[in-house]
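Protein chains: 2
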Amino acid sequence: MITSREQALALDRDDELAHLRDRFELPEGVVYLDGNSLGALPKSTASHLEQVVRREWGQGLIGSWNEAGWVHLPERVGDKIATLVGANPGELVVADSTSVNVYKALSAALTLALTERPARRRILSERHNFPTDLYIAESLARQHSCELVLAETPDQIPHLLAQGGVAVMMLTHVNYRTGRMHDMAALNAQARQAGVLTLWDLAHSAGAVPVDLNGDDADFAVGCGYKYLNGGPGAPAFVWAHRRHADRCTQPLSGWFGHAHPFTFTPAYEPASGSARFLCGTPAVLAMAALECGVDTVLAAGGMAVLRRKSLALTRLFIELVDTHCKEHRLKLVTPRDEAHRGSQVCLAHEDGAYPIMQALIAHGVVGDFRAPDILRFGFTPLYTRYVDVWDAVQELARVLDSGDWRQARFERKGAVT
Amino acid sequence: MITSREQALALDRDDELAHLRDRFELPEGVVYLDGNSLGALPKSTASHLEQVVRREWGQGLIGSWNEAGWVHLPERVGDKIATLVGANPGELVVADSTSVNVYKALSAALTLALTERPARRRILSERHNFPTDLYIAESLARQHSCELVLAETPDQIPHLLAQGGVAVMMLTHVNYRTGRMHDMAALNAQARQAGVLTLWDLAHSAGAVPVDLNGDDADFAVGCGYKYLNGGPGAPAFVWAHRRHADRCTQPLSGWFGHAHPFTFTPAYEPASGSARFLCGTPAVLAMAALECGVDTVLAAGGMAVLRRKSLALTRLFIELVDTHCKEHRLKLVTPRDEAHRGSQVCLAHEDGAYPIMQALIAHGVVGDFRAPDILRFGFTPLYTRYVDVWDAVQELARVLDSGDWRQARFERKGAVT
C-alpha cells in the first residue's frame, strides 16, 4: 500500500489507461467519485451533439432519418454496447429508460416461463435490489397473478431457487447500495438447473466490470446508459434477449418501432425479428447521439479486462487507505473485500453520520453520494479516476471525520439520482 | 384567392406571425412542409443544449439534478405544454415516447373503467388511427381480456358508442394520414353520456390546433414532442390525466420517478400524487432541454387562436391553389374542406403516383411526405411556413404533374417517420 501522495502520483504515471482521462471534461478541483450515478462528460459529446442538431436536424430535417442513419441508431449503438457485455451484434438494442426496459424484459421472460410452466408463479429477486426493479416486478406480479419473492441476503438465492415454483429470477448484477457483485455464471447455472429464466440488470455493470451474457448463459438483460457508459443525464437504456428467445418472446409495449415493417402502417402488430421487437416508440435521436459518444469512451479502453484491473486497483487502494487513515472512526465497509464479489464502487456505512459526512465531503470537492439510511457511496470509473483522486478522497474523508465538523453542519436533504 | 407569387409575398408582409420564422434555422432553398413529422430546429436549441451539456452536466455533474432543476423538468416543461392543450399546471408531465405513454394512459383508463363497469370489455378506436396506438391497444386488449373495436369511418363512432359495451374510447384528435380533426367536445359528451372514458392522442394537435382538454371534458391524453412542438427527433412525449382521475388511477410502468418518494428507496411502490405517477424512469434531461426550446417557440406566438387562424389560412390557400393549378390531374383531396374538421395538414391522394410524385417534389426542394398507399401529405406549421411557401409548393406540384417526370423516375422506397 502507498503511504504518500507522491506514490499515488507515481501510480498514475505508470497507469496504461491514464491517457483516457483526457477524453473527459472534468471540473477543476473536484474529485468525482459519482460516475456510478452520472458518468462524466466526454469531450466529444458537445460537438457531436451540435453537429447532429445543426446539420442533421437543422439542415437535413426529416431526410436525416435515412440519410444520417437515425433509424438505425438503436441497433448501431446497441452493437457497440453489446461488445462490452458479451452479446453478439444484433442482439442488443438501445431504447427507453432502464425502468421501461425492465418492464419489457420481465414481461417477456414471465410470458415465456408461464407458457412453458404455468404452475410456477414466483418472481425471485432481492429485498435490496434497486427499487425501480422491484416496483416494476410488483406491477408485473400483480398483472400475471404471480408472487414476488425477495431474498433478504444474496446467500438465500440458491435456496429460494431450489425450493421451486420460481418462473423468473431477476437480479441486479452489481448492487447499487453495497457494490456487491453476483456470480452471474454460477447463478445462471443454478437457475438453468431449476428451470428458471434469468433477467439481469446491468445498470452498475455495463462499462464497469466484465460481463459475458452469452458465455454465462443469461436469458435477458437490461442496462443503463448514464452511469459507466457516460451517456448523459437520463440517457437511453438498453435491452438484450438471448438468441434462443429473441425471435419467440413477446413484450407488451408493442410500439411501431418494434414492428416488423414500421413504415407499411398496417393496423395489426407483427413483432420485428430478434431483439428489435423490444423497440417501442420513435428513437430518441439526440439522446442516443450523446450516448454513442459515451460508449465510445469505454470502447477506447480496448476491452473490459484492462478496465477491470484498474477498477480493482482503485477500489483496493481506497479500502486499504480507509482502513489505515480512518480506523478511529465508526465506518463499516459494506462492499465485499472479496474482489470476485466487488463491482466498481465502495460503500461505507456510518450509523448516524452518512448524510452530513457526504455533504461535508462534497463541500470540499470530493463528490460521492449518500444512500439511505447510512451509506457513503464512492464510485470508481477507471476511465477517468486517478490513484491520486483515491488518495485525496481518503485524506479528505479522514479530515472530515477527525475534525467532527459534520456534527455541526446542517444540510438540507435533497433528492439525488442513482 | 391569390393569383401570383407577388400576392403571396404581400400576404407574408401583412402576417402578424411572420417574425416567428426568425426563431428557426431552416435550410436555404427548401419549402419544408413536413413539420407534422419532424418540427424544424429552433435557433435557441443548439446553444441551450450546449449549455446544459457543458455547464450543467460537464461542470455541475450529479449536483445538477437539484441545482439545475433537472429533477423538475418533466413537470416544468409539462406545465408549458399544458397551456397549449387546455390543461392546468401540474396536470401534464413530459416522459418517455408517445407509444409508451399510450400504454400508460390506456392502461390507466382501462383499469378504472373495468373496475367500475367490469362487464364492458370494448376498446373503441379507428381502423385508420396511427398504427402504434392500435398496436398498443391490441396488446392491452389481450392483457385485459378486452376486444378492440375499430370504426371504419369517423361517422361510425357515435353508433359504436351507443351500441354499448365500450370501456374506453381512444382516438387520435387529428388523423395522421388524412388531416381530419375530430370534434373533441362532441365526442367526449357522447362518451360521457354512454359512460365511456376517453383517451386522446394529440400527436398532430399539440401546438397545431387549439385543444381544450379540461373545457372539452376529456379523461386522458398523450401527445408528441417532435412534431408541432419542435422538440427534435424522437423528443420526449407527454401524458395528461383529468384531475378527477389523476390521484386514483394506476398505470403499470411503476418506475421510481413516479413514486411518491423516489429518493427514500423503499422496496414497495407508492404512486406519486397526481399526474407525476405517469413518470417511470430517470428523465431524459438532454432531450427535455431540447424539447423546452421547441415548446417556447410555440408559446412565443401568444396563444393557439392566432396560430389556428394562420394555419387555416395556409391550408385554405393550399387547397384553393391545388384546385386551380392541378385540376387536370387525378388528385383527390383527402383532408376535409370543412375547416372545423381540418387539422394543420393537407393530404392529397393519387392512385398510383403518390410515392414518386412526392420524391420528385423533395428532389426539387418541396418537402412533404408519403403515406402508404396513396397519400401525399403536406404539413403547415404556422410558426415558420409562409404564404409564399404555399405558392411555391403548389407551383412545383403542378410542374411535376404537368411534366409527368415522376412516371419515369425510379425512387428506392425508404422508411420515414411520422
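Protein chains in written order, with numbering that gives the first Met the number 0: chain B, 0 to 417; chain R, 0 to 417. We put the beta carbon where it would ideally sit given N, CA and C, even for glycine. Everything numeric in this text was worked out from a predicted model, so none of it was measured.
Legend: CB atoms of the stretch 140-165 of chain B lying less than 9 Å from CB atoms of chain R belong to residues Arg141, Gln142, Leu149.
Along the stretch 149-236 of chain B, the beta strand (DSSP E) occurs as fully enclosed runs of 3 or more residues at 165-171, 196-200, 219-222, listed in sequence order.
Interface flag for Phe264(R) against chain B is set, since a Cβ pair is found closer than 7 Å. Looking at the DSSP output, Lys331(R) shares a beta bridge with Ala348(R).
Between the stretch 153-168 of chain B and the stretch 181-189 of chain B, the count of Cβ pairs shorter than 8 Å is three or higher; the stretches touch. About 19 Å separates the beta carbons of Trp69(B) and Pro130(R), which is beyond the 8 Å limit, so they are not a contact pair.
Under the Cβ distance rule, Ile61(B) counts among the residues neighbouring chain R, one pair being separated by less than 7 Å.
For His258(R), the chain B residues whose Cβ falls inside 9 Å of its Cβ are Pro130, Thr131, Tyr134, in order along the chain.
In the DSSP annotation of this structure, the continuous segment of the alpha helix (DSSP H) that includes Val399(B) starts and ends at 386-402. Excluding sequence positions up to five before and after Asp200(B), its CB lies within less than 6 Å of the CB of Asp132, Thr171, Val221, all in the same chain and listed in chain order. Against chain B, a Cβ distance below 8 Å from Ser204(R) picks out nothing, because the smallest value is about 17 Å. Per DSSP, the continuous beta strand (DSSP E) segment holding Ser124(B) begins and ends at 121-125. Annotation note: the stretch 267-341 of chain R contains the following uninterrupted beta strand (DSSP E) runs of length 3 or greater, listed N- to C-terminal: 330-332. At a Cβ-Cβ threshold of 7 Å, Ala289(B) and Thr44(B) count as neighbours. In the pairwise beta carbon analysis, the stretch 114-124 of chain B is classified as not touching the stretch 257-268 of chain B: fewer than three pairs are separated by under 8 Å. In the three-state reduction of the DSSP assignment, Phe369(R) falls in the strand class.
With respect to the 7 Å criterion, Asn65(B) and Val238(B) are not classified as neighbours on the basis of their beta carbons. For chain B, the residues of the stretch 86-101 of chain R that bring a beta carbon within less than 7 Å of one of its beta carbons are Asp95, Ser96, Thr97, Ser98, Val99, in chain order. Going by DSSP, Val101(R) is part of the alpha helix (DSSP H) stretching over 97-115. For Arg376(R), the enclosing beta strand (DSSP E) begins and ends at 374-378. The C-alpha of Arg398(R) lies about 18 Å from the C-alpha of Ala7(R). At least 7 Å separates the CB of Gly364(B) from every CB of chain R.
For Val294(R), the nearest beta carbon of chain B is not closer than 7 Å to its own beta carbon. Beta-bridge pairing by DSSP links Pro41(B) to Phe23(B). Here Gly293(B) is near Pro41(B), since their CB atoms are less than 7 Å apart. Going by C-alpha positions, Leu111(R) is about 18 Å away from Glu90(R). Per the DSSP secondary-structure output, Trp64(R) pairs with nothing in a beta bridge. Contact check for Tyr227(B) and Asn87(B): beta-carbon distance about 21 Å, past the 8 Å limit, so the pair fails to qualify. Looking at the backbone, the Cα of Arg242(R) and that of Tyr354(B) are separated by about 37 Å. In the three-state reduction of the DSSP assignment, Leu360(R) falls in the helix class, which pools H, G and I. Using a Cβ-Cβ distance cut-off of 8 Å, the stretch 306-324 of chain B and the stretch 266-276 of chain B are not in contact, since fewer than three pairs of beta carbons, one from each stretch, lie closer than that value.
Between Asp33(B) and Gly352(B), the gap from beta carbon to beta carbon reaches 7 Å or more. Residues of chain R with a Cβ closer than 7 Å to the Cβ of Glu49(B) are, in chain order, Ala45, Glu49.
Under the 7 Å criterion on CB atoms, Glu291(R) is classed as non-interfacial with respect to chain B. Contacts between Glu137(R) and chain B, judged by CB atoms closer than 9 Å, involve Ser253, Pro266, Ala267, Tyr268 in chain order. Glu90(B) carries a coil assignment under DSSP once its states are collapsed to helix, strand and coil.
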